[in-house]
Every structure is written in C-alpha cells, then in structure tokens.
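Q:
Chains as they are written, first to last, in the numbering used here: chain H, 329 to 967; chain P, 329 to 967.
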C-alpha cells in the first residue's frame, strides 16, 4: 500500500495518483497484493496517527459496573449464521440469535419447533447447517425503527430470516426461488401508494450471482440472469421478482416508499472475475415499486421453472421508455459496492469500490425521469467526487455529513453532501472532505447511531474492520475482525475503542434503546403443546410413538424417571414452569445428541428414536439453582 | 433470600442462622425458591453496595485503542461446545475454538479434517452435534503453564478435547468409555515417580452419573457405579479407570504429582435428587496415582463390556488398608462442589455447596495416611470454617488468601487459609474472613490470574455469575451470563467491570500472555494433501470419485470454473497460498451445504455427492480483498 498511500490526503485534493485504478481491470490484481501486504500496514498500535480516546468520550464508552448501554446494535453474524445483539457504546455482545445455523446452546436445529423454522429434508434432518449472513435491517414506521422485526440474509442458500424484536428470536425463514448468492436486503419504509401504510410491509432482496433460469447446467454464461426479489414483511412469502441485466449487490429503499435500488458491480455479466471489471461504469439500478406491483396485478409476468412467483421484466431492453419503465439503470463508476439512503430523505449514495469516488443520486430526479420530465437518467447524479481508495459503505450523522469507509486506505472519510454537490457543480473551492481517521484495518461496513432513519443523531459510528492484525493478543492463524467505535459528535472523529468480533459481521444497525420493548418471560399460551401443570406429566404411548410430557421447576424435573422401549419414536415435550426472569433450564440426554434450553414459561419438544438400550440421565444443562447438578431425570430404555 | 441473608456477615461470626441448611434435605427446595426469587435480589445497579470501579484499577481495565491485554483467559463455552479465548483485563473475546459442536465459520464438522477429529457414524455424518463443556485447564511444567495444550470436557457425551496452544485449534477428541456425565477434569502437574517428568503427562477425568456397568438397562440403581479416568496427555488414549463408590464432581491434582482428588456430592448413590442429600457428610475422594499405575502394571484390573481399558477397584470396601489403598475417602460436609489446589502446594480446598463451609485438607497428611503414619483419614482436615451460603469454587492470590464464590449469597468471600486453620484449631479470635463483595448474581466458578500455579500473582479475579438479570440491556427471555472482573491486588476487592457472555462458561483459567507462543501462519507441510502450486489445480477422476484441487490467492481461486457429473463423489481440496498473517479465505458452495475457511497456508477438504445439476458459484466467504465479491469459481454439475 505504500506506493498508493496518500498520507496528506486530508482534503479533496491530491487524488490524482489514485485515479489510476479507474483505468484498467488488471490493476485489480495489483491492488490485491497491496491491500494484503501487511508490511505496508502500520506496525503497532498508536504509531499511525490514530486519535486515541480520552476525556469525556472515553468516560462515555467505558460503563461502570451495572451501568446500562444507551444503544442497541444488531450485528450480522457472518458465517456463524446468527444475528448478534450488542450494547453500545460498550460494544458488549448481549445475545446471539440463531437463524440459519444450528445452535447447541438453545437447541436451534435440535428442537422440532426450530427445525420447522429452519426447514428439513424429507428424512427430517436439517436442509442446511451453514450460512453466510450479510445484512441486517429492522422494520420502520414514520421513518424510524418501530421495534417489531429485524431481518437478516443468508447468502449461501438464498434465505431471508425474520427476528421478532419482542422475544429476540427468529420466527420465520424464507428461501428465495430462482436466485443464487442473495446478498443485499432492505425493508421498505412506507407504501408507495397508500399513505396510511406508513410502516414496513416489504423486504427487498438482491440476487448477486447470475445463473441459468431455470438452473439446469447451461454453460453459456451470456444467458445467465439475476433477480431482484420482494418478500412480504408479515407473511414472509415472496411477492414478486424482477428479471434484470447485471447483478444485485447492496440494496437501499427510499423514505417515501416509491423507490428501491441496488448497486451493480458486474454489468458486463462476466463469469470470470477478470471479465467483471472491463466497463468503466457499472450501475445503480432503481426499481419503481408501484409500477412493478401494477404490472404484477395486471398479469404482466412470467414464472420460472417450478416457482409460482410472478417475475416481471426489468431488463434494459424492455425498459427504455421512462413512462412505462419498471427499472432505471443510473450509471456509477466501476464496480460500486454500498448504496445508502441519506437521512434527509433526498439521496442515495453509491460507494465506488474500484473507483475512488462516491456518487450522489438525487431521488426526486430519478422520479422525474420515471415521469418523463427529465431526459437523461444520469442527470440524477448530483455529485460524483473523490474521497479516497476503495470506498465501500456510507453512514450519516443527520447534520449533512456522510462517513465513507475506504477499504484500501484503511480510513473513514467524513464528507459534506451539499459541499460535494457544490464541488460537482463547479465550485472548486468547496472543501467537501471534512475529516479523515485511520481505522485498523481495511474497513467494510460502517454505520452510525440511527443513521438511515429520519432520527439520525450523529453520536457514534461503528466501523467493521475486516483485518485486525496486531490490534489484539495473537490467537493463532484466525484473527478476530475489529469493530471500532468512533465518536462523531464533534467536528473531528475520535477513535474510542477496538472490539474484536468473530468473523465476519458485515452489516449492522445501531438504534436508541427506547425503540424496542423486549419481553423477558414467555406466556404459557404462546405454545400450543405446553405442559401447563406437573400433573400432566407422563409417558403416553400410541403404538411405538411415545410422547413424554415433562415440566421443570428448579431444582427438579416433574418426573424423576421415565421408561421407553427400544425402537420407540419418542417425542419429549418440556415446559419450563419457572416464571422468574432469567431462570432458564436446559435439558440434555447423553449419547442421544439432544440438548436444548427452555426459558421461563417456554415449551420445546424433541423427537428421537430410542435406539440404545440402557440408563440415560437427562440433566439440566443451564445452571439454575444450588441443586442444579442434582436436577436430573432417568430415561430407562428397555430392550 | 431475604430471610436468610446476613448482611452483617463480613466476618466469621453470625453464621448460626445459616447452619440450618445443614440439617435437612427438604431445605434444598426452600433454597431453590430463595435463590431464584428475583424480588429478593438487588433491584438495580449500584443499589446493593457494589464497590464501583475507579482510579488506577479503572484505568487498567479499560484499554486504549490498540493497547493489548496482559493476560489470556481460556473460557469453557458451556453448551456452545467450544473453548473461548479472552483477553484480560479488557474481557474481550478474541477467539472461539470449536471442539465438540460444529462451527459454520471455520467449517468445523464440515471439512473432512474436522470430522476426523470429532468422530463420525458409519454413514460419515457426525456422531454428535451438541456438547456441554464445563472445565478447561492447561498443561503444566514446573508448576506453571507451559503453553503446550489446553483441555476441555463435554459432559453430555463424555468427551475430552485437546487444544494445541500454538495454532489455538482442537486436534484430538477422546470419548471416555463406561461413564456418563463426565464432569471435572484436571491435568497432572508432574509424574508421581519420575522426577525428570516435571510436566503434564496425564489428564484426570471425573465421571458423575452412576450407571449400570455395562449399561444395559438395569433398573436397580444400587448397582450403578461411577469411574474416575486417566487419559494420556500426548496420545489422548485412556490409560486406566478406577471404579468408585459415590460420584465424581470437580477434580484437582497435587503439585507433586502424587495425588488427584474429586469431590463427591452423592455418596448416598441416590437416583433421585431427594436421595442425594440425606448424608450429613459426603467426601473428597483421593487417588494415589503411583499405586494405581502399579496395580495396572501388575495386572490387578478388570475390564467392562467391550472396553479394553484397565479398571482398578477403588471402592471403599476394597481400600480399607491404608498401606495398599488406591483411594482415600476424606469426609466433607453435605454435597460439596469445587475442589481446588492452593498455590503453596499444601492444600486442597473443598467448597460446601449445601454447607456454608470450606474444608481445607492438608495433602501431606493424606500421604501420611497412605503411608500408614496417620490413623484417622479425616485428621487430614486442618480447617473447616463457615464462609457464607452456597460456597462453590475457590481461587487464590498467592499471598495466602482464598476467594470463594457464595452462590446463594451472591458474594465472593476472601478468607485467609492459615487464619482459618488457626480458628479451626481453637483460636476463636482468628479473623479468617478478610473481605466480602457482592457480585451480580449467583456466582459459580471463580478464578484468579495464575491462581492454581506456583506463580499465582493476585492481580485479577474473574467470577462467572450465572444470572445477570438487570445488569445489561434486556434482550428477551434468554439472558447473558455475567463474567465480572475484580481487582484483588489490595486488601479490599474492587469490582471493575461486567462482561456479558453467552451461556454458559462454567470454568476458566487466566494466565500471563508471555506463557504462550501462538503461531499465526501455518506451514504448507503441516498438511499432507496440500495443493502447493496453482499449477497442481485440476479435476482428477477415478470412476465416479472425483478430486478437485484448488488454491486461493486474493482475489482469485486457481480455477475460474470446474465441471463434475451428477452422482460424482467429489472431494474438493483447497489450499490457501496467501501467506500473509490474517489473510483468510472462505469457500462456500450454494445449496450444497458447504462452507469453511482456510487460514494462511492452510489446507482443508470437503467431500460431497454432486446430486444437483446446474451452475453453483463457489465463492469466498471471508472478506479478503477489494475484489472479494468477484472471487468465485463456477462449479458446473452436468446431468
């Protein structure tokens, strides 16, 4: 990186050396070597001009024992397949919510209830046990989070999961048809037509990898296509899809509900990475939601293979007439990555990735184009300015400033949107770059407290650094990622803390704690199969199908022992009758590969074949009581 | 808890009200209600006399950005089945090392190499996917950690895992025969006979649940037995087992290598929890390691069922003569829990659990009994003093003080061992209780920096609190556990910080960072199947068995595409040829349930049946480069 680093680059000038990456695809390779050569990285903490924490900011980030955080963070778990809940500013991880991948603590993927959410094969085993979560967003009302739902995607198997924000559990997972490499997501913020629907009812999903449609092994990659998908926020069913040219990377939605967009890094539709970089400009592809839904309603759609989902045509060729177009391809320099909606509701910002620029697109102008009132679609671009090497994602402070991660520069650049527009319009004295700060190292996603809401408050910025290198004690070859926290309340950014996280979180959102109302004890009636009284306990036989009903109340299970026969298909239902907050029990059966927990007043069930004769001590695995070790039940499997 | 709480209990007096729990088993139930009634718990942070952090201690725990921790912590992952690596004093989680449970990030349970460690069924699927890790300890040399290995146990399926502390990975897992509910572990610290072996060569493992031997469904619980097991630290093979009366709870080993011990909470050998509390005293069961190994060598053993492991007889009846005894049952009050070795090498401390006492056993006296020089075994008890309600585990500061968790009192009590001995010997003025501090809430395990080594340094104390209740932002019914950090460098304990952790860590150790030497880049030769050059890449067919050899170098895989046929059994081998620290790649195949990472110069392989025709984009899942998204290879499965 040495030969590319512009250490004096604290303003908009001095960028000319960087423009070379705009010129040839081959430079991608050179960049690669540079980005990954740690000899060129700062060698030790504090040696590279990091602004260390101190004073008031420092006091704020380090909570005293017992002090509560003021913000929640919802973090994508990357390939651990979960959503993580953090407290901020402390950066402490409070919960992992299993979604796409089994979780041996709660029994996710073990219990019948979780298997029903995750999806099973005909033999009852889990369809998938891996995941690759990328993006996490929450439901909106009146432009701010309303604490109902969050969503997270799995790129590997094209799944979307919904999390209930009362119990902080995943309640539905939908697999998208006809797509591969499902990458970006964003909920809408209101209905494009009905003003009464001022809250999220749709989740938009971007398909990244173009494939044969249907996928039947066609080798001719020019025939591969990607789709943009809309999922119903309540039913979690797929409403419609849009066939497109190019691919879908990140996704954004407008505050008025009328537009969604996705960045495209491969308008070339190449099948080898060398072929994905030939075009100087790719695109930010806009979707006119009302028109798409009118087209679906009017039956102007096809279907693909076995899927029943209506697919409308959003390709360039079919959408040349603005007045009828469902889609609009605004050009953006070379292989852009993130697209983010500014909290003033006016702009989408596209980060350049292989271009050192950020492109500001004015949404009102895109709508003018759809209305036939603006001839050239690219006139919707109101600013395209250089900010540094490898721009990936952008966050906002609600005071007109944007914060963009520079992957190659290992920096966050703070820049002013209106000044960038002025600069773009010819005012070369407009100093749109306000500040820069080194981060450690190679930042990807970024987000600020309340950033993509109308309530952006410009307090904290979190930066997901992909490499941590020397920032933590060494722990072998696999390094933690480094989520850094930055104070953005003043003119200058101040680095507050490094937080190691298990790879790799990608995206996250940060919001005020009063926006959610978590419930900490279940209601018995939430579970139709609840064993509501210890007296209902017992072994109930129907042929070789056996139901074991059990309750837990510290320090005992309702039955001290129970008997089944070899070959029985046993369904064990356990209700935790302890109703005190935090009094969770676990239940494991040795050698039977069963373990799960039941939270206060929760009911779960497992089904297994009693294929081993002998005595098996079911025991409580979640410390509950002074007599926790003694809390067991004896399963006797008779031969 | 209100009616039992002794708020004035900051010294050894005033305990009489607590003694009632020593009298009847039924009180266990009463305790249960008290322990779990959160109305009696402190309602809010800071309202219960917590000593908040401040001054120098506070500055020490909150690292500035880029500052490194000074201690490593190895934390048991509870039922997430992993070992967690923390940095201290910051409390940051640096790594999770998957052991017993699949891990979708690294591909643990997905790759052939990890499946070989974890163990598979005849059909190639994993034998177990759940775990319940409890105790973690590391290898010793000359009484201190030597940075070679750590071990962790799985209680559900009676497995012991070993972690290499160079690469911080699990390299071997052993399933113990003939036992169920394998609970405590401890490595030995030197050989009992050969003075040249001044380091760990054995790991002792306590079996908790008594079962029929062999386990063939016998209902008569009086015939159930538990075993104490010795595993070879290098080969990880089971060396021998000891048949015992009672059960094994926690385990300790002496610094001279001669003795190991386990606490027993159920000498009654009851099968229902009500029957496990009738005896007023249970036991701390000592094992004479040299004599046991002589007996094995002399062929004085049996075997059980299909197991070939030699089993010697350690029951009370067979070990009445001290001069030949293999075991010695020292009595300890009612249902003890932890047993810990003091760093002065002289004592084992047993915590009373249902008794408000700690029992100090002098090891030299136990050896005198084995030598026939002391008539009454219980004369080895040199102190048995009251410390508070629900003592569970004890740590040490190297200055003669012990720190015991009081589960029911939600406190840590600091007490002086020699003063406790003086008190026990009749000096009623000996104020052995030095200090108490409230913790939040219901503490289980405790450990101090370097505690159970000869280098105990009395700096930091970590306390694993089982309940966190109101200490963190609410996140639904499942609460984090609360690992609290306490400064023990002065006379008074000072609470420094709350750290939420995913349930439930149980045990942990804390040691100075210079004691391990992690290696952060693999050697290609570590892997016999490494693809050492991109030119070796290709598809190699042997009937329907296909080997795909692939390498990764950012931002590309060595092949942009490869073809296989439907029905092929494909083994894909991937070597990461990037050799720069922290440059990890991932590899996922959509819809094929495959994802794993390869660290610098690491090789991994997966085997799968190509059962779906079509185009499947294998892609890099671990952010590596500006062109990470473009880093793919196309698997074409032909029909």
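C-beta atoms are modelled at their ideal positions from N, C-alpha and C, and glycine is treated no differently.
Which residues of chain H have a Cβ atom closer than 8 angstroms to the Cβ of residue 397(P), listed in chain order?
A: Residues of chain H passing the Cβ test: 800, 801.
Q: Quick check: what's the CA-CA separation for residue 967(H) versus residue 652(P)?
A: 41 angstroms
Q: Output needed in chain order: residues of the region 831 to 848 of chain P with a Cβ under 7 angstroms from some Cβ in chain H.
A: Within the region 831 to 848 of chain P, the qualifying residues are 831, 832, 841, 846, 847, 848.
Q: Roughly how many angstroms separate the alpha carbons of residue 416(H) and residue 654(H), rounded to a whole number?
A: Those two C-alpha atoms are separated by around 41 angstroms.
Q: Thinking C-alpha only, which one of 926(P), 946(P), 918(P) is nearest residue 459(H)?
A: 918(P)
Q: With distances taken from CA atoms, which of 408(P), 392(P), 423(P) is nearest residue 401(P)?
A: Selected option, being the one with the closest Cα: 423(P).
Q: My assumption, with CB atoms under 8 angstroms, is that residue 419(H) sits in contact with residue 831(H). Please give the rounded CB distance.
A: Not really, about 16 angstroms apart at Cβ, beyond 8 angstroms.
Q: Can you tell me whether residue 805(P) is helix, strand or coil according to DSSP?
A: coil
Q: With a cut-off of 8 angstroms, do at least 3 Cβ pairs link the region 578 to 587 of chain H to the region 514 to 525 of chain H?
A: The region 578 to 587 of chain H is in contact with the region 514 to 525 of chain H.
Q: Please state whether DSSP places residue 480(P) in a helix, a strand or coil.
A: strand
Q: How should residue 354(P) be labelled, buried or exposed, when 16 other C-beta atoms within 10 angstroms of its C-beta is the threshold for buried?
A: Confidence is the limiting factor: at residue 354(P) the pLDDT is only 32, short of 50, which leaves the residue's position unreliable, though a coordinate-based value still follows. So residue 354(P) ends up on the exposed side.
Q: Return yes when the Cβ of residue 498(H) is within less than 7 angstroms of the Cβ of residue 536(H), no when it is not.
A: Result no, Cβ atoms of residue 536(H) and residue 498(H) do not sit closer than 7 angstroms.
Q: Could you confirm whether any beta carbon from chain P is found closer than 7 angstroms to the beta carbon of residue 902(H)?
A: Residue 902(H) does not count as touching chain P.
Q: Do residue 561(H) and residue 528(H) count as a contact pair if the criterion is CB distance below 7 angstroms?
A: Contact check for residue 528(H) against residue 561(H) passes: the beta carbons are separated by less than 7 angstroms.
Q: Taking residue 710(P) as the reference, give the member of 692(P), 441(P), 869(P) with the closest Cα.
A: Residue nearest to residue 710(P) within the set 692(P), 441(P), 869(P) is 692(P) (criterion: CA-CA distance).
Q: Answer with yes or no whether the minimum CB distance from residue 945(P) to chain H is below 7 angstroms.
A: yes
Q: Using the C-alpha atoms, what's the distance from residue 650(H) back to residue 699(H)?
A: 7 angstroms
Q: Can you list, in chain order, the residues of the region 546 to 567 of chain P whose Cβ is nearer than 9 angstroms to any Cβ on chain H?
A: 546, 547, 549, 552
Q: Residue 436(P) lies in the alpha helix (DSSP H); which residues open and close that run?
A: Note, residue 436(P): premise wrong, no alpha helix (DSSP H); not H, not E.
Q: Pull out every residue of the region 763 to 789 of chain P whose Cβ sits closer than 9 angstroms to any Cβ of chain H, in chain order.
A: 768, 769, 770, 772
Q: At a Cβ threshold of 7 angstroms, is residue 966(P) touching chain A?
A: You won't find chain A in this structure, because its protein chains are H and P.
Q: Would you mind giving the Cβ-Cβ distance between residue 833(H) and residue 404(H), rounded to the nearest angstrom? I have them listed as a contact below 8 angstroms.
A: 5 angstroms
Q: Pick from 812(H), 826(H), 610(H), 449(H): whose alpha carbon is nearest that of residue 706(H)?
A: Distances from the CA of residue 706(H) to each of 812(H), 826(H), 610(H), 449(H) were compared; the closest alpha carbon is that of 610(H).
Q: In the DSSP assignment, what are the bridge partners of residue 535(P)?
A: 510(P)
Q: Residue 839(H) by DSSP, collapsed to three states: which one?
A: DSSP places residue 839(H) in strand when its eight states are reduced to three.
Q: On the CB-based measure, 16 or more other CB atoms within 10 Å of its CB, does residue 628(H) come out buried or exposed?
A: Exposed.
Q: Nearest by alpha-carbon distance to residue 640(H): which of 568(H), 608(H), 613(H) is it?
A: 568(H)
Q: Go through its chain and collect everything with a Cβ distance to residue 885(H)'s Cβ below 6 angstroms, but skip five positions before and after it.
A: 878, 961, listed in sequence order.
Q: Please compile the residues from chain P whose C-beta is within a distance smaller than 9 angstroms of the C-beta of residue 400(H).
A: 801, 803
Q: I'd like to check one pair, residue 488(P) with residue 475(P): are the Cβ atoms closer than 7 angstroms?
A: No, these two residues do not count as a Cβ contact at 7 angstroms.
Q: Ignoring anything shorter than 4 residues or poking outside the region 598 to 633 of chain P, list the alpha helix (DSSP H) runs there in chain order.
A: Complete alpha helix (DSSP H) runs here, min 4: 617 to 625.
Q: What does residue 429(H) reach in chain P if we use C-beta pairs closer than 7 angstroms?
A: 432
Q: Between 848(H), 819(H), 825(H), which has its C-alpha nearest residue 810(H)'s C-alpha?
A: 825(H) is the residue among 848(H), 819(H), 825(H) whose C-alpha sits nearest the C-alpha of residue 810(H).
Q: Cutting at 7 angstroms between CB atoms, please list the residues of its own chain near residue 947(P), excluding the five before and the five after it.
A: 916, 959, 960
Q: By how many angstroms is the C-alpha of residue 574(H) removed from the C-alpha of residue 595(H)?
A: 4 angstroms
Q: Starting from residue 639(H), find everything on chain P with Cβ-Cβ shorter than 9 angstroms and list it in chain order.
A: Simply none; closest approach about 18 angstroms.
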